[in-house]
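Here is the structure we will look at.
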Amino acid sequence: MLILAIDIGGGTQDILLFDSLKTVENCVKMVMPSPAIALSQKVMSATARKRPILFTGVNMGAGPAKGSLKRHISAGFATYATPEAACTFYDDPDRVREMGITIVSADEAKKLKDVEQIYLKDLYLDEIRFALSQFGVSTNFDAVAVAVLDHGEAPKGVSDRTFRFEHIERVVKQDNTLEAFVYLPQDVPSYLTRMKSVAKTLDMDVPLVLLDTGVAAALGALQDEPIKKQDDLIMINLGNFHTLAFRLHDRKIMGLFEHHTGRMTTEKLDYLLNSFIACQLTNEDVFNDRGHGCLPMSSIDEQMPFVAATGPQRGRLTGSSANPYMAAPYGDMMLTGCYGLIRGVASRIDDWREETMQALED
11 MLILAIDIGG
21 GTQDILLFDS
31 LKTVENCVKM
41 VMPSPAIALS
51 QKVMSATARK
61 RPILFTGVNM
71 GAGPAKGSLK
81 RHISAGFATY
91 ATPEAACTFY
101 DDPDRVREMG
111 ITIVSADEAK
121 KLKDVEQIYL
131 KDLYLDEIRF
141 ALSQFGVSTN
151 FDAVAVAVLD
161 HGEAPKGVSD
171 RTFRFEHIER
181 VVKQDNTLEA
191 FVYLPQDVPS
201 YLTRMKSVAK
211 TLDMDVPLVL
221 LDTGVAAALG
231 ALQDEPIKKQ
241 DDLIMINLGN
251 FHTLAFRLHD
261 RKIMGLFEHH
271 TGRMTTEKLD
281 YLLNSFIACQ
291 LTNEDVFNDR
301 GHGCLPMSSI
311 DEQMPFVAAT
321 GPQRGRLTGS
331 SANPYMAAPY
341 GDMMLTGCYG
351 LIRGVASRID
361 DWREETMQAL
371 ED
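Counted the way the working numbering counts, the sequence shown spans residues 11 to 372.
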């Protein structure tokens, strides 16, 4: 069984070609610049060449590209976007226009002359297949699994941060397992438009599994040997742009908080983790600090939980009083989310569950 897992973050996209006939450590893997970084570079190139831009394609994660685009517009260069592509920057078309972007129909876009057309997408399948093929690696995938962070299409006047956290809270209250965040395309809520766009751009007739990046990291970290033994733990993922922490008790979500990594220092992380463990951290504490929110825990009659961290920004916890264990399942921290995606496939595709989990455990 050959599963392509792609964990798309703000800084990198981490890629695992999981082959159930190989030991996990011998599976092909890549860490590449994220689609948002690639987009930012394309925008900066257009600015340097003094070229107007036309965005087509689908909704994707903009990340650092938004800053590059603002500089492009400030330099006086015209920028156009089709309606679906415009959602990459803001769901509200009025806010897109306020940036200086002109929204045009598909027909109007075809009539624009002498513009730099940039197709927006999160899923770089052609590029991944090409890279693999250069080394004689099969691209006959049996399934594709993708993780993205989707804020969701918030109604006008509703904060993206609020809307995303309401989604997270809703899922947890219905089913407090990490696997509850794993979707097949037909199950993705209509407001998770970034995930919907990934499904739309898949050009293969194979199963697709979708998952949130922070949840993927937590699921993957559970494959780390010391973490497997823990019944009560704090699992925190420090991504390049977002930080998500779970309190897991017997693998059930007892509480969580999500913040922006750029605002994290060792001292702030200590405050957040200590308050969270003491059941004193509130949603308002996190939101008012420009984070997403907190689903506070009920008191758990247990000793101090085991604290584990993963993610490319985990170094911000160096010297922390929490003294976290640094998770690196199968010896590769950067692929933690990909291993979570493989677990996600096992949780949603019944016929493959036994083979997939056996390969992960061997």
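Think of the CB as a built atom: it goes at the ideal place given N, C-alpha and C, for glycine as much as any other residue. All values reported here derive from a predicted model rather than from experimental measurement.
Take residue i as the anchor and find which of the options has the nearest alpha-carbon.
i    : options                : result
E35  : A356, E364, M344       : M344
T66  : T22, I128, P43, I25    : I128
Q196 : S30, M205, M109        : M205
A399 : L142, E176, V198, D185 : No answer is possible for residue 399: it lies beyond the span of the chain, which begins at 11 and ends at 372.
H302 : H269, H161, I18        : H269
N333 : I244, T22, D372        : I244
R61  : M70, A46, Y90, P43     : Y90
A141 : D213, V38, L159        : V38
L254 : I138, V114, G224, T292 : G224
I16  : R107, R139, A318       : R139
S308 : E137, C289, M214, N250 : C289
F145 : T112, T203, M40        : M40
K88  : V53, D361, C97         : Before going on, a small fix: residue 88 reads as Ala here, not Lys. Among V53, D361, C97, the Cα nearest to that of A88 is on V53.
E163 : L133, A153, T203, G230 : T203
S200 : H177, D215, D136       : H177
D136 : E94, T211, A95, T112   : T211
A155 : Q23, E364, D342        : Q23
L218 : A338, T57, F151        : F151
G230 : G341, H259, F316       : G341
A228 : F173, T33, T346, M336  : T346
Nearest-angstrom Cα distance between residue i and residue j?
i    : j    : result
G86  : A72  : 21 Å
G321 : L122 : 42 Å
R257 : V355 : 23 Å
I63  : D102 : 20 Å
K238 : R358 : 21 Å
R261 : R105 : 41 Å
Q51  : A75  : 8 Å
C348 : I83  : 36 Å
V296 : F267 : 8 Å
H161 : F175 : 8 Å
S7   : V68  : Nothing about residue 7 can be reported from this structure: the residues present for the chain run from 11 to 372 only.
T328 : H252 : 18 Å
S143 : L283 : 44 Å
S331 : M314 : 13 Å
L373 : M367 : One cannot answer for residue 373 here, as it falls past the ends of the chain, which runs 11 to 372.
E300 : T276 : Per the sequence shown, residue 300 should be read as Arg rather than Glu. Using only the alpha carbons, I get a separation of about 17 Å.
L130 : T92  : 10 Å
E189 : M264 : 14 Å
E235 : L305 : 28 Å
V147 : K278 : 45 Å
R326 : D124 : 46 Å
S4   : T187 : Coverage of the chain is limited to positions 11 through 372, which leaves residue 4 absent and any answer about it impossible.
F191 : L248 : 19 Å
K80  : L370 : 44 Å
M11  : A48  : 30 Å
M274 : D280 : 10 Å
G110 : L194 : 36 Å
A319 : Y100 : 31 Å
Y134 : P45  : 8 Å
L351 : E294 : 31 Å
L149 : M214 : Note on identity: in this sequence residue 149 is Thr, with Leu being the wrong assignment. Roughly 11 Å separates the two Cα atoms.
D360 : G272 : 39 Å
C97  : I113 : 10 Å
How is the alpha helix (DSSP H) around residue i delimited, first residue to last?
i    : result
R204 : 203-211
N293 : 293-297
P236 : 235-238
V68  : Careful: V68 lies outside any alpha helix (DSSP H) and carries neither H nor E.
H82  : 75-84
T57  : 45-58
V355 : 346-358
M367 : 363-371
T223 : 223-231
Just reading off the beta strand (DSSP E) that residue i is part of, what are its end residues?
i    : result
R257 : 252-259
A288 : Element bounds for A288: n/a, residue is neither H nor E.
C304 : 303-305
N247 : 242-248
K262 : 262-270
D17  : 12-18
L27  : 22-29
A337 : No beta strand (DSSP E) holds A337; DSSP gives it neither H nor E.
F316 : 316-320
Exercise. Is there contact between the region 114-128 and the region 174-181, where contact requires at least three CB pairs shorter than 8 Å?
Worked result: Between the region 114-128 and the region 174-181, the count of C-beta pairs closer than 8 Å stays below three; the two stretches do not touch.
Exercise. Could you give the uninterrupted runs of the alpha helix (DSSP H) lying entirely in the region 147-207, keeping only those of 4 residues or more?
Worked result: Runs found: 170-184.
For this session: With a floor of 4 residues, list each alpha helix (DSSP H) that falls wholly inside the region 89-155, ordered by position along the chain.
Result: Runs of the alpha helix (DSSP H) inside the region 89-155: 93-96, 103-109, 116-121, 135-143.
Exercise. With a cut-off of 8 Å, do at least 3 Cβ pairs link the region 18-35 to the region 166-180?
Worked result: No, the region 18-35 does not touch the region 166-180.
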